[in-house]
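Presented below is the structure to which this report refers.
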Amino acid sequence: GENVGLHLPTLSVQEGDNSIINCAYSNSASDYFIWYKQESGKGPQFIIDIRSNMDKRQGQRVTVLLNKTVKHLSLQIAATQPGDSAVYFCAENNAGNMLTFGGGTRLMVKP
Amino acid sequence: SAVISQKPSRDICQRGTSLTIQCQVDSQVTMMFWYRQQPGQSLTLIATANQGSEATYESGFVIDKFPISRPNLTFSTLTVSNMSPEDSSIYLCSVVEYSGYTFGSGTRLTVV
Chain A
17 GENVGLHLPT LSVQEGDNSI INCAYSNSAS DYFIWYKQES GKGPQFIIDI RSNMDKRQGQ
77 RVTVLLNKTV KHLSLQIAAT QPGDSAVYFC AENNAGNMLT FGGGTRLMVK P
Chain B
46 SAVISQKPSR DICQRGTSLT IQCQVDSQVT MMFWYRQQPG QSLTLIATAN QGSEATYESG
106 FVIDKFPISR PNLTFSTLTV SNMSPEDSSI YLCSVVEYSG YTFGSGTRLT VV
């Protein structure tokens, strides 16, 4: 591997189960949030996003939930597959199109 | 979305030397960014690369250490100067368009 996720918290799930990855963001003024997936040797890849005027958004097998009251974001992956194994980052946009990234979670899917 | 090519994809460099990383985008983009990802950690924004003017650096990053060029709307370079082992990281460029943010695959730098 490329050391991505070496020191990050790890979530281990069984193949086929649902995964929930959590993120606390820092700025109450942030109005746009993104979840990224990063596999070893690659840059972050967009998964799903949500704007602050929404509290839930669904994609294919993924759902993002936003709780502005407690500044919390979660990513739910349904029927987790081995190909979902990666490091997941949340990011918030609060000024000037710049993104601030959360700490990241390493997802390991057991076959 | 834009396609980003970064060069080199990886390098091993001697301390005290400098490395210039290139970021080429297949379309014109207004905003380009450079991030650093230290081993096992998240991404930290180094600077915004501004076309035709000096880059805007985030707290903790300075132009003398990380000079950035942005000669046009499709290309930027980041130089890591006078490298030390603490500079060993993945360096990524990113662009933002109407469709969202896109990242390059990164340059994996090891300083020995």
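First to last, the protein sequences are chains A and B.
Okay, so the first sequence: first residue is 17 according to our numbering, each after it adds one.
Okay, so the second sequence: first residue is 46 according to our numbering, each after it adds one.
Glycine residues also receive a C-beta, built at the ideal position from the N, C-alpha and C atoms.
Bear in mind that the values here come from a model prediction, so they are computed numbers and not experimental data.
Using C-beta distances below 8 Å, list every residue in its chain close to residue i, excluding the 5 sequence neighbours before and after it, in chain order.
i, result
"B:T119", "Q69, V70, D71, S72, Q73 and V74"
"B:R60", "M128, S129, P130, V156 and V157"
"B:D109", "S126"
For residue i, is the classification buried or exposed, using 16 other Cβ atoms within 10 angstroms of its Cβ as the cut-off for buried?
i, result
"A:G17", "The predicted position of A:G17 is uncertain, since its pLDDT is 38 and thus under 50; a value taken from the coordinates is nonetheless stated next. With fewer than 16 other Cβ atoms within 10 Å, it is exposed."
"B:G149", "buried"
"A:P60", "buried"
"A:T121", "buried"
"A:G75", "exposed"
"A:A45", "exposed"
If you check the beta carbons only, do residue i and residue j fall under 8 Å apart?
i, j, result
"A:S28", "A:K126", "yes"
"A:I66", "A:F49", "yes"
"B:S1", "B:Y80", "Shown here, chain B extends from 46 to 157; a query on residue 1 of chain B therefore has no answer."
"A:D100", "A:L82", "no"
"B:Y136", "B:T124", "no"
"A:T96", "A:E55", "no"
"A:A102", "A:F117", "no"
"A:Y41", "A:Y104", "no"
"A:N109", "A:D47", "yes"
"A:G119", "B:S104", "no"
At what residues does the beta strand (DSSP E) containing residue i begin and finish?
i, result
"A:M114", "M114 to F117"
"A:Q97", "Run containing A:Q97: none; DSSP gives neither H nor E here."
"A:R77", "Segment: none, A:R77 is in no beta strand (DSSP E) and carries neither H nor E."
"B:D132", "Looking at the DSSP string, B:D132 is not in any beta strand (DSSP E), and its letter there is neither H nor E."
"B:K52", "I49 to K52"
"A:D65", "Q61 to R67"
"A:L89", "H88 to I93"
"A:L27", "T26 to Q30"
"A:N38", "S35 to A40"
"B:G69", "For clarity, residue 69 of chain B is Gln in the given sequence; the question names Gly instead. Here the beta strand (DSSP E) through B:Q69 covers L64 to V70."
Considering only residues of the same chain and omitting the five flanking positions on each side of residue i, which have a CB-CB separation below 6 Å?
i, result
"B:K52", "Q67"
"A:N38", "S90"
"B:T122", "T65, Q67 and S114"
"B:C58", "L64, M128 and V156"
Starting from the C-beta of residue i, find all residues in its chain whose C-beta is less than 7 Å away, skip the five residues before and the five after it, and write them out in chain order.
i, result
"A:I93", "N34, S35, R77, V78 and D100"
Query raised in the report: Going along the segment 32–55 of chain A in order, which residues come within less than 9 Å of chain C, judged by CB to CB distance?
Result: In summary, chain C is missing from the structure at hand, where the protein chains are A and B.
Checklist line | Whole runs of the alpha helix (DSSP H) within the segment 85–121 of chain B, excluding any shorter than 4 residues | finding: none
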